[in-house]
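Below is one structure, written out as structure tokens, with a few remarks after it.
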Amino acid sequence: MLRFKTINTLFAVLLVVLLVLHYFYVLPVGFVFVLVLGWLLITVMGSAFIRWNYHFNSLHHSKATEENHIAITFDDGPHPVYTPKVLRLLTEYNAKATFFCIGKNIEAYPVLFNQIINHGHTVGNHTYSHSNGFGFFSTKKVEEELRRTNAIAEKVSGKRLKMYRPAFGVTNPNIKKALQVLRLTPIGWSKRSFDTTQLSEKKLVARVTHNLKKGDIILLHDTSDKTIAVLERLLLFLKSKNMQAVTVNQLLSIQPYE
Ligand SMILES: [Zn+2]
């Protein structure tokens with residue numbers, strides 16, 4: 001498996017070898033540039049694709065699930081329009097889910113945040129600002145974002161969040177350090193719907209239900225009507241397959257709160 005440290009060591013050794021060859025045997029310097037470009041490409045992809053576990057391990061699914069269980073996760077809420085619709089549907093189909101909330105949204109909609117918990121679902125940290133530049137934040141700034149969100153969540157609900165869902169699925173050494181300091185568990189996914197893109201409802205449902213198996217973790221966003229429609233069709237599908245949606249912490253047998 002590709003790991004940041006292993007790749008760095010490998011590329012550093014190769015770089016020294018190429019530089020020596022360049023010095024003694026007049027190897028074109030272009031080889032060095034190709035090597036550096038290769039390192040950059042692997043590192044950018046490793047940072048963008050959370051499932052590579054390039055910088056640190058995230059929990060993407062449960063291998064140990066014996067029951068016919070899966071977990072549905074919602075990122076980016078709470079949202080005043082869509083989160084209540086999601087809650088209604090989950091109640092109607094007797095399903096439990098996990099909501100990875102943005103700190104500033106918890107601050108804006110504290111009652112909704114507590115409603116999620118009171119409905120028997122669990123909540124996790126999804127940064128304070130969900131800034132597009134989050135992947136370039138310093139360790140200190142990442143720590144501030146995560147600490148601030150946890151403080152707001154605790155003030156609003158009394159819960160000390162232990163689960164973290166990386167914003168945009170981005171990982172890097174700064175986020176790794178911040179998670180270690182705050183003792184947060186990174187939660188990934190095995191089924192990404194891409195429900196925030198232009199993909200049609202039909203395609204989204206197909207993406208999520210294709211080869212869906214027990215132990216899978218589904219990523220959705222409680223931020224659009226399209227997702228609400230996808231969710232209803234997903235819940236009908238689960239019912240037809242006798243599958244039960246549980247919280248991600250139940251699926252993974254971990255503690256959601258301290
Ligand atoms: Zn997000």
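To convert, note that position 66 of the sequence shown is 66 in UniProt numbering; the numbers rise steadily by one, no gaps.
From the three backbone atoms N, C-alpha and C, an ideal C-beta is built for every residue, glycine too.
Asked: Is I106 near ligand 1 - that is, is its Cβ less than 8 Å away from at least one heavy atom of it?; Found: no
Asked: Around ligand 1, what residues have a beta-carbon under 6 Å from a heavy atom of it, in chain order?; Found: D75, D76, H126, H130 and A167
Asked: Please work out which residues of its chain come closer than 8 Å, Cβ to Cβ, to F134, disregarding the five sequence neighbours upstream and downstream, and give them in chain order.; Found: T127, V142, E145, A167, F168 and V170
Asked: How long is the line joining the alpha carbons of F49 and L219, rounded to whole angstroms?; Found: 14 Å
Asked: What do you reckon, are the CB atoms on D98 and I72 nearer than 9 Å?; Found: Inspection of the sequence shows that residue 98 is occupied by Thr rather than by Asp. Yes.
Asked: Counting only runs that start and end within the stretch 45-87, where is the beta strand (DSSP E) found for 3 or more residues in a row?; Found: 69-75
Asked: Quick check: the Cα distance between V20 and S193, rounded to an integer number of angstroms?; Found: 48 Å
Asked: Can you grab the Cα-Cα spacing for the pair N125 / L14, in whole Å?; Found: 40 Å
Asked: Quick check: V123 and T227, are their CB atoms within less than 9 Å of each other?; Found: no
Asked: Taking only the alpha-carbon atoms, compute the straight-line gap between R183 and K162 and give it to the nearest angstrom.; Found: 7 Å
Asked: Report the residue ranges of all alpha helix (DSSP H) runs contained in full by the stretch 163-249; include only those spanning at least 4 residues, in chain order.; Found: 173-182, 201-209 and 225-240
Asked: For A97, which of helix, strand or coil comes out of DSSP?; Found: strand
Asked: Quick check: the Cα distance between R207 and S224, rounded to an integer number of angstroms?; Found: 17 Å
Asked: Along the chain, where does the beta strand (DSSP E) containing N125 start, and where does it finish?; Found: T122 to N125
Asked: Are there 16 or more other CB atoms within 10 angstroms of the CB of N105, so buried, or fewer, so exposed?; Found: buried
Asked: Output the distance between the C-alpha atoms of F11 and N53, rounded to the nearest integer angstrom.; Found: 19 Å
Asked: Would you mind working out which of Y93, T185 and V156 sits nearest S253, comparing C-alpha positions?; Found: T185
Asked: From I187, S62, Y25 and N172, pick the residue whose C-alpha is nearest to that of I42; which is it?; Found: N172
Asked: May I have the straight-line CA-CA distance separating S47 from H55, to the nearest angstrom?; Found: 7 Å
Asked: S200: which of K214, A229, S58 and F31 sits nearest, CA to CA?; Found: A229
Asked: Helix, strand or coil for L161? Go by DSSP, reduced to three states.; Found: strand
Asked: Quick check on the burial criterion: 16 or more other C-beta atoms within 10 angstroms. Buried or exposed for H79?; Found: buried
Asked: Out of Y109, K213, L251 and T9, which has the shortest C-alpha to C-alpha gap to V36?; Found: T9
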